[in-house]
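Protein chains in written order, with this note's numbering: chain A, 1 to 235; chain B, 1001 to 1285. Scroll down for the structure; my scribbles are underneath it.
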Ligand SMILES: Nc1ncnc2c1ncn2[C@@H]1O[C@H](COP(=O)(O)OP(=O)(O)OP(=O)(O)O)[C@@H](O)[C@H]1O
Ligand SMILES: [Mg+2]
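As structure tokens, then:
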């Protein structure tokens, strides 16, 4: 079996010397979509922040394409090809949609064909090209956040609760777009509370419970697991 | 009256570019550079010493401006490293105090070494009539330079990749990091740019009035007022506020007396904070 593209090995992270993510190991193969599911406060965001460099992990390794990138600064991780879409989006509110997208490719100046690819996926962004990001609706901001990440031509796209603040309809639309990307071969790691949506997208999943990986398996395994059904699917 | 307003615009352009230097550094890292005016004056003194020593004006001016830029860069790479390690209020306070200290040191050294030195840059030629007002060449050249620099700044921020990256750090630092921008590099470059703008303030001001070795603190206060009224972090806001305040300043000096202008500017500043805390064109709410 070939090496996974992204591999977390014994990752610990937390705040003020107190770990909230304990010894997390998981892997994502090239072209695979993987979901990390867990309830409020399970440590999903903390784990992703430690991977993308917004905070340093306290212990453990993050291998991307064979090199340990744990502890690298966020701008380096992003430039190396692991691109993170945070739940809060962190768009540039006083810049136009187009400028947000252009910055996604930083430090490169993207060719317009690359912009067109994003516009093909999200025609809505094309219509709003010159609108300020800060004045857009939640759903449009989510599209822009994903679009901006795509401009970096990521090798791994990591998303934290892409459905945050979206209506059920918009949430499933967001996942439709992600499915399109996965079908086109993009490697995806998504953290999500909306378990049905996440497992609908993912090939495999991990359950994060109080900062530890509890269960893992294929999306179907998890969907049919009595514990998961009870805790996350409400059946 | 037209003459007073024209003078106000000339002064206002200087205010504007003074405010831009302060506002950029604040917007990027939360550091209120209370040594901004003193750094500019230090540049003026470098130019004054060099020209006294016989160097040609253009070369001396270039060296003076670059020197302030380097000073800004060095401050960012040394003192400010400790500041950027802090977050929130701690960062603002530490940055403010350290820069206040730098300002005192520059002021002290200049007052001790060059107590009566002042830089005047004479621009030869007769006054020119504009809208029926006879304008001195120095004022016109100074204003033209500032307008050119302003246009270059706008082009830099709107059109270049690095300029966009700078705005991205001002608007959302974590967002900037996530797209691959290294905020440290941006901050160091912009502190240097701020120094260069300070040097340009000193030079253009010296074309209209002598810049004395101890004028730094006054310039810092003007910069602060302009930046606050314009909206901390907003470049166009600083230019707009600068021109408005320049006009307010000359008009009140003409009708009331120059002793009152700083007070009036402070009042405008206070009123702005009450009515519109984010300034005319503030970035942060
Ligand atoms: N900045 C912080 N400082 C201190 N503790 C934090 C901080 N951020 C999160 N925590 C704590 O860390 C734990 C994990 O939080 P985290 O945000 O990673 O969970 P999550 O799985 O993303 O939750 P949610 O689904 O609600 O977003 C929680 O107990 C939370 O209170
Ligand atoms: Mg979270």
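Cβ atoms here follow ideal geometry from the backbone N, Cα and C, with glycine treated the same way.
Check	Outcome
Rounded Cβ spacing between residue 95 of chain A and residue 133 of chain A (contact assumed at less than 8 Å)	6 Å
Short CB-CB distance (under 9 Å) between residue 95 of chain A and chain B	yes
In chain order, each beta strand (DSSP E) run of at least 3 residues that lies wholly inside the segment 36–120 of chain A	59–64 and 82–85
Within 9 Å, strictly: CB atoms of residue 107 of chain A and residue 1161 of chain B	yes
N-terminal and C-terminal residue of the beta strand (DSSP E) that residue 1038 of chain B is part of	Careful: residue 1038 of chain B lies outside any beta strand (DSSP E), inside the alpha helix (DSSP H) at 1036–1052.
Counted within 10 angstroms of its Cβ, other Cβ atoms place residue 1087 of chain B as buried (16 or more) or exposed	exposed
Neighbourhood of residue 1183 of chain B by C-beta, 7 Å cutoff - its chain only, sequence neighbours within 5 removed	1169, 1173, 1176 and 1177
Backbone secondary structure at residue 1114 of chain B - three-state DSSP	coil
Check whether residue 1238 of chain B and residue 1019 of chain B have beta carbons under 9 Å apart	yes
Cβ shell of residue 177 of chain A (< 8 Å), same chain only, five flanking positions each side left out	121, 122, 143 and 146
Stretch-stretch touch, CB-based, cutoff 8 Å, three pairs: the segment 75–89 of chain A with the segment 1198–1216 of chain B	no
Nearest residue (CA-CA) to residue 1102 of chain B, options B:1001, B:1011, B:1141 and B:1080	B:1080
Distance cut-off 8 Å: residue 193 of chain A Cβ against heavy atoms of ligand 1	yes
Spatial distance of residue 1076 of chain B from residue 1201 of chain B (CA atoms)	20 Å
Where the beta strand (DSSP E) containing residue 18 of chain A begins and where it ends	18–28
Inter-stretch contact (C-beta, 8 Å, three-pair minimum) for the segment 1125–1138 of chain B and the segment 1104–1116 of chain B	no
Simplified DSSP state of residue 200 of chain A, which is helix, strand or coil	helix
C-alpha gap between residue 210 of chain A and residue 19 of chain A, whole angstroms	11 Å
Reference residue 1050 of chain B, options B:1118, B:1167, B:1002 and B:1033, closest by Cα	B:1118
Residue 40 of chain A Cβ short of 8 Å to ligand 1 heavy atom set	yes
Endpoints, beta strand (DSSP E) assigned at residue 15 of chain A	6–15
Collapsed DSSP secondary structure at residue 152 of chain A in the structure displayed	coil
Run of the beta strand (DSSP E) containing residue 1134 of chain B, from where it starts to where it stops	1133–1135
Length of the line joining the Cα atoms of residue 136 of chain A and residue 1006 of chain B	42 Å
Rounded distance between the beta-carbons of residue 26 of chain A and residue 175 of chain A, thought under 8 Å	About 20 Å separates the two Cβ atoms, so there is no contact after all.
Residue 1251 of chain B (DSSP reduced to helix, strand or coil)	helix
Beta strand (DSSP E) segment containing residue 192 of chain A, residue limits	187–192
Residue 119 of chain A classed as buried or exposed, judged by whether at least 16 other C-beta atoms fall within 10 angstroms	buried
Proximal residues, the segment 1170–1185 of chain B versus chain A, C-beta separation under 7 Å	1171, 1172, 1174, 1175, 1177, 1178, 1179, 1180, 1181 and 1182
Three CB pairs or more closer than 8 Å across the segment 191–208 of chain A and the segment 39–47 of chain A	yes
Strand pairing of residue 1119 of chain B, partner residues [DSSP]	B:1211
Same chain, Cβ closer than 7 Å to residue 152 of chain A, five either side skipped, listed in chain order	78, 83, 104 and 105
Reduced DSSP secondary structure (H/G/I, E/B, other) of residue 164 of chain A	coil
Same chain, Cβ closer than 8 Å to residue 68 of chain A, five either side skipped, listed in chain order	61 and 62
is_contact[residue 277 of chain A, chain B] using C-beta, thresh 9 Å	With chain A covering only 1 through 235, there is no way to say anything about residue 277 of chain A.
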